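Working notes for the structure below.
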Amino acid sequence: MILKKIIILLSFVQVLNAQNSFPDWAKGLVWYQIFPERFANGDTTNDPAPDKIFPGESAPPNWKITPWTSSWFSQSQWEKNLGGKVRDHINKRRYGGDIQGIIDHLDYLKVLGIKGIYINPVFDAVSLHKYDGSTYHHMDINFGPDPSGDKLLIASETPDDPKTWKWTSADRLFLQLVQEVHKRGMKIIIDGVFNHVGTQFWAFRDLVKNQQNSRFKDWFQVLSFDNPATPQNEFDYKGWWNAKSLPQFNRTKDDLNPGPKQYIFNATKRWMDPNGNGSYSDGIDGWRLDVARDVPLGFWKDWNKLVKSINPKAIIVAELWELSPDFISATGPFDALMNYSFAFAVDKYFIADKKKISTSGFIDRLKEIMKTYPQKNQDVLQNLVDSHDTERLSSMIKNPDREYDREGNEGNPDYDPGKPDKKDYEMQKLIAAFQMTYKGAPMIYYGDEVGMWGADDPHDRNPMVWSNLKYDDEIINESSGFHKGFGIFKVEQNKDVLAFYKKIISVHNSNPALLDGDVKFIYSNDETAVFAFERSDKNERIICVFNTGRNIQDFVIKLNIKKFTWQNLLSGDKGTSVNDENSSAGLKINIPPGSVKIFKINSAE
Ligand SMILES: [Ca+2]
Ligand SMILES: [Ca+2]
Ligand SMILES: [Ca+2]
Ligand SMILES: [Ca+2]
């Protein structure tokens, strides 16, 4: 009897926990993705030096930081000396972006209407993208003000003993960033790359050096140790997708090994409650998890409990490219994912030309996503269209009719890496409007809002275009490695695109029904490629109409109210409609091709 009561009580506590541990703040939140090496160089004194970028090998002669405002496809002298195409050496470039650069531009993001920032990996690492971590408990030394001092400080620790951990100047600057973000009413999440590390990771270096005698020999998937009796090095291990540059953590079928697991847990606590006082206000607001499917599920379940025990409202967003009901459900370990299924649908409908799917096919795809996830999770899915892993949106639009994230680089003879034209940007605006009106949390990849363009990785990781900097023209010719799109293009912020993003984000942020209201499709026409949906909550009805076809369309949407007032939220126009049972009066729509109308409806009965 008592046992039964305890069980009932426990399950009640579990339900309560599930309810209290959901990041309601992220419903409809506008995210902005920052790739830190390329967002802004706020401190040129901390820019990386060759010994950081080329450990254990010789740097290219006369290697230098690449000027922020130089043409992407032009090579510095040190690159030219190496010979080859742009792509052959582009990943050896550094531009010097850092944490100070992000702090300096928080007001820019605030004015844009951004409410949350997702930053690609920030922990110390060799590569430009930092998915090859050298540590999880220190920020990259070149993202902070004192790289050489930080290096000494880090070397004085026993890395697997958190009691010896120190706060470097870069760590402190990051905590200041968190504080500045919170001061502006915004949130911040960072990348957790917990499947694999880089070869400079502290425990892996110990393993390479000490082999069987390393305290960390169980941390990695060692295939064979070096036999000291032979001249060759027999040491071998499993890397992520066989990449030896990315050693994977050792694991059972359902968990990571205890060593790495404990270390990841300690690092997780460090960034979520940095001063360890039991309050999370000084910490990050959540995590984006790299290659989440590759890490054992049992690990994620335990890690979720840890994260939510520190901050019940923290958000956990996974990188999962497919529909993933097994991970995002009432009992799944994640709150949200990078909603690439949304991007696939947008690509096939808004962007595709010859291969454009029908309006009803598009709506079916969106409904399929919704059916996959619980109601509350739908509002926090990160609705993105591009990322650091794909072409930029405007270049995707310029090169339609391919599979998403495929053939977007030099290997495709038809790919045009050049500057998008006015028509492309009009489509980008239409897509941004769909992101900002449809259900979910829209995410913008840095620079899209000012019209930046770029082919697939590495060309989508170009330095942010700021209004106060003067950029060299982008020169694209044969040496780019591409086969078309040659020309000389002016690089500057596209003020028209930026103004539209500001406007549409403000429409999103100022209408609660667009944050977490229900969504219902109320009009769809396969012939004209026009559709409309309604977002509504108990106070508000908003009707969004998109014309993705080639002709202007006139039609009426009946609203089942006798009399109502409407306001066009983009143009500001207002009016009153009276529904007469004997006529076809309703919301009159007159919509040009390639455009959107957003109406706020108020009953006037
Ligand atoms: Ca810098
Ligand atoms: Ca040997
Ligand atoms: Ca704290
Ligand atoms: Ca890609």
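For the sequence shown, the positions run 59 to 663 when this note's numbering is used. For each residue, glycine too, the CB sits at the ideal point set by N, CA and C. Here the structure is a predicted model, which means the values were calculated and not measured.
Residue burial classification, residue i (beta-carbon count within 10 angstroms, cutoff 16)
| i | result |
| --- | --- |
| Val-73 | Unreliable positioning characterises Val-73 in this predicted model, as indicated by a pLDDT of 47, which lies under 50. The coordinate reading is nonetheless provided below. It is exposed - the Cβ of Val-73 has fewer than 16 other Cβ atoms within 10 Å. |
| Pro-205 | buried |
| Asp-574 | buried |
| Gly-114 | exposed |
| Pro-318 | buried |
| Phe-70 | Its pLDDT being 49, under 50, Phe-70 is placed unreliably by the model, and nothing is read from it. |
| Ala-213 | exposed |
| Arg-464 | exposed |
| Pro-650 | exposed |
| Val-169 | exposed |
| Glu-507 | buried |
| Glu-95 | buried |
| Glu-292 | exposed |
| Pro-226 | Going by the sequence as given, residue 226 is Thr instead of Pro. So Thr-226 ends up on the buried side. |
| Glu-461 | exposed |
| Leu-210 | exposed |
| Asp-137 | Looking at the sequence provided, one finds Glu at residue 137 rather than Asp. Classification of Glu-137: buried, given that the 10 Å Cβ count is 16 or more. |
Beta-carbon proximity of residue i to residue j, cut-off 8 Å
| i | j | result |
| --- | --- | --- |
| Ile-157 | Gly-202 | yes |
| Ala-394 | Val-438 | yes |
| Asp-219 | Asp-198 | no |
| His-517 | Asn-178 | no |
| Asp-101 | Arg-152 | no |
| Tyr-504 | Met-485 | no |
| Val-549 | Ile-489 | no |
| Ile-610 | Ile-656 | no |
| Ala-662 | Thr-623 | yes |
| Met-244 | Gly-174 | yes |
Alpha helix (DSSP H) segment containing residue i, residue limits
| i | result |
| --- | --- |
| Gln-158 | 157 to 162 |
| Gly-419 | 417 to 430 |
| Lys-359 | 355 to 368 |
| Val-404 | 398 to 404 |
| Asn-626 | Unbroken run through Asn-626 is the beta strand (DSSP E), 621 to 626; no alpha helix (DSSP H). |
| Trp-260 | 260 to 268 |
| Lys-646 | Run containing Lys-646: none in the alpha helix (DSSP H); it sits in the beta strand (DSSP E), 645 to 649. |
| Gly-174 | Run containing Gly-174: none in the alpha helix (DSSP H); it sits in the beta strand (DSSP E), 174 to 177. |
| Pro-316 | 316 to 330 |
| Asn-139 | 135 to 140 |
| Met-244 | Per DSSP, Met-244 belongs to no alpha helix (DSSP H) and is neither H nor E. |
| Asp-146 | 144 to 147 |
Closer than 7 Å: residue i CB and nearest ligand 4 heavy atom
| i | result |
| --- | --- |
| Asp-444 | no |
| Asp-447 | yes |
| Asp-463 | yes |
| Asp-515 | yes |
Element boundaries [beta strand (DSSP E), containing residue i]
| i | result |
| --- | --- |
| Phe-657 | 653 to 661 |
| Val-672 | The displayed coordinates of the chain run from 59 to 663. Any statement about residue 672 would go beyond what the structure contains. |
| Ser-594 | 588 to 594 |
| Ser-538 | No beta strand (DSSP E) contains Ser-538, which DSSP labels as neither H nor E. |
| Lys-434 | Where Lys-434 is concerned, there is no enclosing beta strand (DSSP E), although the alpha helix (DSSP H) it sits in stretches over 433 to 436. |
| Pro-500 | 499 to 503 |
| Gly-545 | 545 to 547 |
Cβ-heavy atom distance, residue i to ligand 1, below 7 Å
| i | result |
| --- | --- |
| Thr-102 | yes |
| Ile-99 | What sits at residue 99 in the sequence shown is Asn, not Ile. For ligand 1, at least one heavy atom lies less than 7 Å from the Cβ of Asn-99. |
| Asp-105 | yes |
| Asp-249 | no |
| Gly-154 | yes |
Contact test: residue i Cβ vs ligand 3 heavy atom, cutoff 7 Å
| i | result |
| --- | --- |
| Asn-335 | yes |
| Ser-594 | no |
| Pro-370 | no |
| Gly-341 | yes |
| Pro-478 | no |
| Pro-332 | yes |
Check: residue i C-beta below 7 Å from any heavy atom of ligand 2
| i | result |
| --- | --- |
| Gln-234 | no |
| Thr-288 | yes |
| Asp-294 | no |
| Asn-285 | yes |
| Asn-291 | yes |
Notebook entry, point to check: Touch check for the stretch 498 to 506 and the stretch 590 to 601: three-plus C-beta pairs under 8 Å?
Noted result: no
Next item on the list: Specify whether the stretch 489 to 498 and the stretch 114 to 133 touch according to this definition: at least 3 beta carbon pairs, one from each stretch, less than 8 Å apart.
Entry: no
Checklist line | Touching by the beta-carbon criterion (3+ pairs, under 8 Å), the stretch 182 to 195 and the stretch 248 to 267 | finding: yes
Notebook entry, point to check: Within the chosen definition, does the stretch 444 to 460 reach the stretch 508 to 527 through at least 3 CB pairs nearer than 8 Å?
Noted result: yes
Margin query: Contact between the stretch 304 to 321 and the stretch 252 to 268 is defined here as three or more beta-carbon pairs at a separation below 8 Å; is this criterion met?
Written below: yes
Next item on the list: Report yes or no: do the stretch 329 to 347 and the stretch 365 to 385 share at least 3 C-beta pairs separated by less than 8 Å?
Entry: yes
Item checked: Touch test, the stretch 365 to 384 against the stretch 345 to 357, Cβ-Cβ under 8 Å, three pairs minimum -> yes
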